[in-house]
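Here the structure is laid out as structure tokens; the discussion comes afterwards.
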Amino acid sequence: MRTYSDTLIEEYNNHTHRDDDTMHSPAHEIHAKGIPSLVIALLTIASAIIFTAPSPSLSNDSPASRTVTVFFFWGIGCPHCEKAKPFLEYLSRSYPDVEIRSFEVVANKNNLELLEKMASARGAVVSGVPVCIIGGKVFSGYDETVRQEIESAVKTALSSKKTEGGASPPVAAESITLPFFGKTDPQSLSLPVFTLVIAALDSFNPCAFFVLFTLLSLLVHAHSRKRMLLIGGVFVSASGLLYFLFMAAWMNLYFLVGHLAAVTYVAGITALLISLINIKDYFFFNKWISLSIPEAAKPKLFERMRGLLRSDSLPAALAGSAVLAVAANSYEILCTAGFPMVYTRVLTLKSLSTAGYYAYLTLYNLIYIIPLSIVVILFVASMGSRKLTERQGRVMKLVSGLMMFGLAVVLLVKPELLQNATASALLLGAVIGLTVLIVLATKGMLPGTRTH
């Protein structure tokens with residue numbers, strides 16, 4: 028008697044695929060028998076919807092165009108399976124000729140039978156999930172080593188298929204030698220370069236500069252470089268830590284809602300709206316809707332700063348500086364919220380370890396505090412006083428708005444470009460060039476005498 032598993036195995040061996048099997052629908056994957064728990068059924072539906080929702084880059088692909096199939100077996104409540112899912116979506120986005128076929132084995136006994144038969148046919152015994160099967164190879168579990176082995180098997184299979192079809196196999200990327208880093212794959216530079224570009228632009232936050240400039244200008248009257256350095260250093264460090272926590276919250280929110288295409292669209296549209304408000308602020312400063320520190324909030328911030336100046340106790344002043352950073356960052360985040368929103372979304376679309384995700388967030392925030400740290404050092408060295416002018420605030424708003432606009436458009440239209448180092452560099456160059464043109468064209472036309 029032929030079973031569901033026998034049919035699928037024969038279908039795989041004959042290299043024919045049915046359209047409705049490309050990515051199993053939620054209804055198909057929760058066809059459970061003997062599992063009366065409604066909770067398990069609901070969890071199955073939720074997991075299937077999140078994982079099987081098509082990525083924007085895959086929605087127009089037909090099963091017939093794919094040449095390599097990855098059979099992915101997973102189970103409800105399996106943490107390693109959840110970690111493997113983003114990687115498989117990454118494979119599907121990065122290799123157009125790869126088809127991911129997903130089978131849930133806890134609620135669907137037919138899928139469990141299929142796993143056992145396919146593994147047995149390849150001389151393997153599996154005792155748990157996740158399991159990936161590519162051609163004659165079986166990969167059990169999921170960690171960094173297994174991830175690399177799976178991607179290597181995919182590349183080998185694609186190369187073999189293209190060679191059989193008469194096409195040239197993919198050419199391995201040439202490595203380049205960089206000072207201090209040695210040989211490096213150019214493609215691996217995309218996310219670090221993207222991080223550098225976005226964090227550097229985000230760091231020129233007009234709200235953060237306004238608070239820091241004002242604070243340090245007041246501290247000049249204390250005539251103590253040590254006090255200025257410590258209070259300014261605590262403010263910058265606390266700001267960086269709070270920004271890190273804010274970005275970590277965004278990142279984990281994206282992980283919580285999954286890799287649905289709608290999430291990327293929402294992030295892109297939100298960033299687009301924020302960018303338009305920032306660009307508006309260059310031409311119509313603080314008019315209508317504005318993502319700046321409200322005038323009504325400034326007296327409270329000034330009072331906190333004067334309190335730091337009056338405090339005779341250094342520990343109390345340092346604690347007050349940290350509290351001031353918390354208050355100031357609640358406004359600073361509004362100034363350039365689009366950057367961390369876009370960056371964390373791009374980050375969650377990459378296949379990294381947990382430590383890797385947080386390492387990139389750490390790198391981002393270290394870059395973010397560099398300009399603020401330089402300001403503190405310059406103030407301490409010169410014991411000078413300076414305020415951020417309205418014109419400088421306008422230009423910062425324009426740069427961040429234009430860059431955010433470009434990122435939002437790319438995220439909505441072609442998000443894979445954000446993983447390309449050349450595209451990031453070109454976007455940055457275009458933004459700088461356009462900013463210079465706009466500033467020169469409007470020179471003398473916009474008010475620039477008021478302080479921000």
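Heads up: the sequence shown is residues 28 to 479, going by my numbering.
Even glycine gets a Cβ: it sits at the ideal position worked out from N, Cα and C.
Exercise. Counting only the same chain and skipping the five closest in sequence on each side, list residues whose C-beta sits under 8 Å from that of TYR385.
Key: Excluding five sequence positions before and after TYR385, the CB atoms of its chain that fall closer than 8 Å to its own CB belong to ALA275, given in chain order.
Quiz item: So is MET472 buried or exposed if we call it buried at 16+ other beta carbons inside 10 Å?
Solution: Around the C-beta of MET472, fewer than 16 other C-beta atoms lie within 10 Å, and the residue is accordingly described as exposed.
Quiz item: When we look at the beta-carbon of THR381 and count the other beta-carbons within 10 Å, is it buried (16 or more) or exposed?
Solution: exposed
Quiz prompt | Nonlocal neighbours in the same chain, by C-beta distance under 6 Å from LYS306, ignoring five residues either side | solution = Position check: residue 306 holds Ile in this sequence, whereas Lys was assumed. Correct list, in chain order: GLY428.
Quiz prompt | Supposed contact pair VAL403 and LEU256 - C-beta distance, whole angstroms, cut 8 Å | solution = 7 Å
Practice problem: Using DSSP bridges, identify the partner residues of TRP315. | Solution: DSSP lists no partner for TRP315.
Exercise. Taking 8 Å as the threshold, find out whether the stretch 386-396 comes into contact with the stretch 262-270 through three or more Cβ pairs.
Key: yes
Practice problem: Check ILE304 in the structure and name its three-state DSSP category. | Solution: Helix, per DSSP.
Quiz item: With LEU118 and ILE127 assumed to form a contact (beta carbons below 8 Å), what rounded beta-carbon distance in angstroms separates them?
Solution: 7 Å
Quiz item: Of the choices ALA343, PHE221, VAL263, LEU283, whose alpha-carbon is the least far from that of ILE401?
Solution: VAL263
Quiz item: ALA227 by DSSP, collapsed to three states: which one?
Solution: helix
Quiz item: Among LEU303, PHE100, PHE432, GLY460, which one has its Cα closest to the Cα of MET145?
Solution: PHE100
Quiz item: The alpha helix (DSSP H) spanning SER480 covers which residue range?
Solution: A query on residue 480 cannot be resolved here, the shown segment of the chain reaching from 28 to 479 and no further.
Quiz item: Nearest-angstrom Cα distance between ALA457 and LEU425?
Solution: 13 Å
Practice problem: For my contact list, PHE166 and VAL153 are in at a C-beta cut-off of 8 Å; report their separation, rounded to the angstrom. | Solution: Not a contact, Cβ separation roughly 10 Å.
Practice problem: Please report how far the alpha carbon of GLY102 lies from the alpha carbon of PRO123, in whole angstroms. | Solution: 26 Å
Quiz item: Are VAL95 and VAL173 close, meaning C-beta to C-beta below 8 Å?
Solution: no
Quiz item: Which residues mark the beginning and the end of the beta strand (DSSP E) in which THR96 is found?
Solution: 95-101
Quiz item: From ASN138 to LEU439, what does the alpha carbon distance come to, in whole angstroms?
Solution: 36 Å
Quiz item: DSSP three-state call for LYS441: helix, strand or coil?
Solution: coil
Practice problem: Following the continuous beta strand (DSSP E) through VAL158, name the residue where it begins and the one where it ends. | Solution: Taken as a continuous stretch (DSSP letters only), the beta strand (DSSP E) holding VAL158 covers 158-161.
Quiz item: To the nearest angstrom, how far is it from the Cα of SER84 to the Cα of ILE304?
Solution: In this prediction, SER84 scores a pLDDT of 34, lower than 50, which makes its location untrustworthy; the coordinate-derived value is nonetheless stated afterwards. So the alpha carbons of these two residues sit roughly 29 Å apart.
Quiz item: Going by DSSP, which residues form a beta bridge with PHE130?
Solution: PHE100
Practice problem: Check whether the Cβ atoms of THR371 and TYR292 sit closer than 8 Å, and answer yes or no. | Solution: no
Quiz item: Relative to the C-alpha of CYS105, which residue among GLU176, VAL132, GLU116 is closest?
Solution: Closest by alpha carbon: VAL132.
Quiz item: Thinking C-beta only, is LEU351 closer than 8 Å to PHE271?
Solution: Using a Cβ distance threshold of 8 Å, PHE271 and LEU351 do not count as a contacting pair.
Quiz item: How many whole angstroms separate the CB atoms of PHE366 and LEU228, which I take to be in contact at a CB cut-off of 8 Å?
Solution: 7 Å
Quiz prompt | In DSSP terms, what SER167 is bridged to | solution = VAL158
Practice problem: From the DSSP output, in three-state form, read off VAL152 for me. | Solution: DSSP places VAL152 in coil when its eight states are reduced to three.
Self-check item: Whether VAL486 touches LEU455 by CB criterion (8 Å)
Solution: The chain is shown only over 28 to 479; residue 486 falls outside these bounds and no answer can be derived.
Practice problem: Take the Cβ of VAL156 as the centre, count every other Cβ of all protein chains shown within 10 Å, and call the residue buried at 16 or more, exposed below. | Solution: Taking a 10 Å sphere around the C-beta of VAL156, we find 16 or more other C-beta atoms and assign the residue as buried.
Quiz item: Can the beta-carbon of MET278 be found closer than 8 Å to that of LEU374?
Solution: yes
Quiz item: Could you give the distance in angstroms between the alpha-carbon of THR222 and the alpha-carbon of GLY150?
Solution: Those two C-alpha atoms are separated by around 44 Å.
Quiz prompt | MET472, enclosing alpha helix (DSSP H) - first and last residue | solution = Note, MET472: premise wrong, no alpha helix (DSSP H); not H, not E.
Exercise. Taking only the alpha-carbon atoms, compute the straight-line gap between ILE495 and ILE258 and give it to the nearest angstrom.
Key: The structure shown has nothing for residue 495, since the chain only spans 28 to 479.
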